[in-house]
Amino acid sequence: DLEELVEVEVTSEDPEFPIESALLPGGTSGWRASGPGEQTIRLLFTQPQAVRRILLEFVEPAVERTQEFVLRWSLDGRTLHDVVRQQWNFSPQGATEQTEDHRVELNDVTMIELTIVPDISGGSARASLATWRLA
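The following block contains the structure:
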């Protein structure tokens with residue numbers, strides 16, 4: 808059960824879009840930051856974990872923007888190793904969803920960190936995350 812295995816830290820959160828809605832099955836709204844700019848979500852494991860799959864889903868139906876995210880992991884909670892750094896162009900006329908499904912071989916993971924820059928041009932877009940699943 809994820810709630811027993813993980814402590815979650817977020818830099819900001821819209822009360823109507825809590826991080827649990829992106830992390831737990833059955834969440835319908837996903838997570839959204841309370842304001843614009845770079846945001847970080849950290850999953851801190853209570854015990855080291857093996858991670859074999861990381862699924863991220865982003866949805867942006869309204870605003871044209873280029874988002875960048877960086878997904879990192881750590882053995883000790885301090886030294887970070889990149890899993891992926893990705894940019895995606897959202898467009899209401901076409902590309903409104905981004906799904907990243909990464910098969911990994913990570914052992915003894917104590918932390919996974921997701922940093923999102925919602926608009927690399929510095930616009931007023933807020934970071935959001937529809938789904939984040941680990942296996």
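Per our numbering, the very first residue in the sequence shown carries number 808; after that it's consecutive. Beta carbons: idealized from backbone N, C-alpha and C, even for Gly. Source: prediction; values computed, not measured.
With DSSP collapsed to three states, give me the class of residue i.
{"i": "Ser928", "result": "coil"}
{"i": "Ser935", "result": "strand"}
{"i": "Glu810", "result": "helix"}
{"i": "Glu907", "result": "strand"}
{"i": "Glu827", "result": "helix"}
{"i": "Ala869", "result": "coil"}
{"i": "Ala942", "result": "coil"}
{"i": "Leu863", "result": "strand"}
Which partner residues does residue i have in the DSSP bridge list?
{"i": "Leu921", "result": "Ile848, Leu878"}
{"i": "Val858", "result": "Leu913"}
Whole angstroms is fine: what's the gap from residue i's alpha carbon to residue j's?
{"i": "Ser959", "j": "Ala840", "result": "Only positions 808 to 942 of the chain appear in the structure, and residue 959 is not among them; the question remains open."}
{"i": "Ser928", "j": "Glu875", "result": "11 Å"}
{"i": "Phe824", "j": "Glu816", "result": "15 Å"}
{"i": "Val870", "j": "Thr903", "result": "9 Å"}
{"i": "Ser836", "j": "Arg860", "result": "22 Å"}
Relative to the C-alpha of residue i, which residue among the options is closest?
{"i": "Ala942", "options": "Thr873, Glu820, Gly844, Leu863", "result": "Leu863"}
{"i": "Pro899", "options": "Leu850, Ser828, Ile923, Val866", "result": "Val866"}
{"i": "Arg885", "options": "Val877, Ile919, Val911", "result": "Ile919"}
{"i": "Pro868", "options": "Gly901, Leu831, Arg860, Val877", "result": "Gly901"}
{"i": "Leu913", "options": "Leu887, Thr835, Trp880", "result": "Trp880"}
{"i": "Leu878", "options": "Gly844, Val924, Gly842, Pro843", "result": "Val924"}
{"i": "Ala932", "options": "Arg910, Asn896, Asp915", "result": "Asn896"}
Let me know if residue i comes out buried or exposed under the rule of 16 or more other beta-carbons within 10 Å of its beta-carbon.
{"i": "Glu810", "result": "exposed"}
{"i": "Leu944", "result": "Absent from the structure is residue 944, since the part of the chain shown begins at 808 and ends at 942."}
{"i": "Leu812", "result": "exposed"}
{"i": "Asp926", "result": "buried"}
{"i": "Gly833", "result": "exposed"}
{"i": "Val891", "result": "exposed"}
{"i": "Ile856", "result": "It should be noted that the sequence gives Gln, not Ile, for residue 856. Buried."}
{"i": "Gln846", "result": "buried"}
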